[in-house]
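> For what it's worth, this note's numbering labels the leading residue of the sequence shown as 24, then goes sequentially.
Below is one structure. I have some questions about it.
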Amino acid sequence: MKELAAAPPAIPPDLTSDMSRYYPDFAATYSELQTRVKEAITYKEHKAVDQWRVDEAEADLQLVAFELQKGQRASTSFMEKYLHDAAWALNHHIVVQLRIAKPAPPPPSPLPPTADITVTPSQILRGDCAMLTWQTTNATEALINNEAVSTSGSRKVCPEENTNYLLVANGPGGRADDQANLIVTLPPPHHFRIHFDFDEWAIRNDALDTMSKIATLMREYPEMQMTVEGHTDAKGTDDYNMSLGERRAKSVLDYFLAHYGLDPSRFSLISKGESEPLVSNVTIDGKDNPEGRAYNRRAEFIEKR
């Protein structure tokens, strides 16, 4: 016993099936105490008095193992005493300290990131804007269409065409993504109208504001093109009115060239003659309708798409 206690600590041996056969109760107690001795031996920071108890428990179990090797010839009184002594040593407060001193379990795995992105409204007219809003969790980095952004935020977007916004969130727990699609539609084509006096193609004073608006718009959008349609009332022959419609359309172009210097290649001139009246040139009872004819004497400006 003294020689075992003086020797360096050694983990008591595992029991074989032969050693456990005759005394299963002693073997079970031995295995439980052996596990506790293994923990105590591998812990290197005992106080001296505590280390002595570890050594004693180890020596006691070594003696129990020696007895169990004898099989039926083992001394049950010896084994009972040594197991009791080992349990006494291990049941001291060293066991409590040892369990507290065990390394803390590893931290839990980091949570995976989440990503959420929305665009409101989801459809706009070209020239309008929408609000892009995004939020992430458990992320250290966020990107929208490969551009670094804050992990959560919002901003106004005004694209000229359909745009898909891809949000990517990266964090210790991995990667997440979400996307939002913004549909951009063209507004209705610009459409203007001016009127002419009977059998005339000169630009009237009441048409000058409209002509100015058209010129300003075409300067603002250099790629814009216009179709100019010349229309007439029903007075005169078809051929005459087709020619009159051409003169009205040409008069409009000449005005833009003279007053605003617009490129003539941006205009397409068409004569509709009397073929497309806005209102009837005659009343219900077949009489002449001067007001209707006045409304039909016109030029239509239609943005080309």
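All C-beta atoms, glycine included, are put in the ideal place defined by N, C-alpha and C.
On a predicted model such as this, the values are computed, not experimentally measured, just so you know.
To the nearest angstrom, report how far apart G150 and E170 are at their CA atoms.
Distance between the alpha carbons of G150 and E170: 23 Å.
> Give me, in chain order, the residues of the same chain whose beta-carbon lies closer than 6 Å to that of A203; leave out the 5 immediate sequence neighbours on both sides.
Contacts found: I140, T141, V142, Y188.
> Nearest to P135 by CA position, among T156, E164, P144, is which residue?
Comparing Cα positions, the closest option is E164.
> Use the C-beta contact count for Y105: other C-beta atoms within 10 angstroms, 16 or more gives buried, fewer gives exposed.
Under this definition Y105 is a buried residue.
> Would you say the beta carbon of A199 is closer than 6 Å to some non-hydrogen atom of the ligand FMN?
Within the structure as shown, the ligand FMN is missing, as the structure has no ligands at all.
> Compare the C-alpha of W75 against each of K93, S98, D108 and name the closest.
Of K93, S98, D108, the residue nearest in Cα terms is D108.
> Considering only C-alpha positions, which residue in the set I64, F49, H218, D48 is nearest to P34?
Here residue 34 is Ile; the residue named in the question, Pro, does not match the sequence. Of I64, F49, H218, D48, the residue nearest in Cα terms is I64.
> Using the Cα positions of H282 and F221, report the straight-line distance between them to the nearest angstrom.
Rounded to whole angstroms, H282 to F221 spans 24 Å at the Cα level.
> Do you know how far the Cα of Y244 is from the Cα of E299?
About 29 Å.
> Mind checking K295: buried by the 16 CB within 10 Å criterion, or exposed?
Buried, because 16 or more other Cβ atoms sit within 10 Å of the Cβ of K295.
> Going by alpha carbons, who is nearest to E231 out of T99, A322, S288, I307?
The question names Glu, but residue 231 is Leu in the sequence shown. The candidate whose alpha carbon is nearest that of L231 is A322.
> Would D200 and A162 qualify as a contact pair, given that the criterion is a beta-carbon distance under 7 Å?
Not closer than 7 Å, so no.
> Does the beta-carbon distance from V251 to A238 come in below 7 Å?
No.
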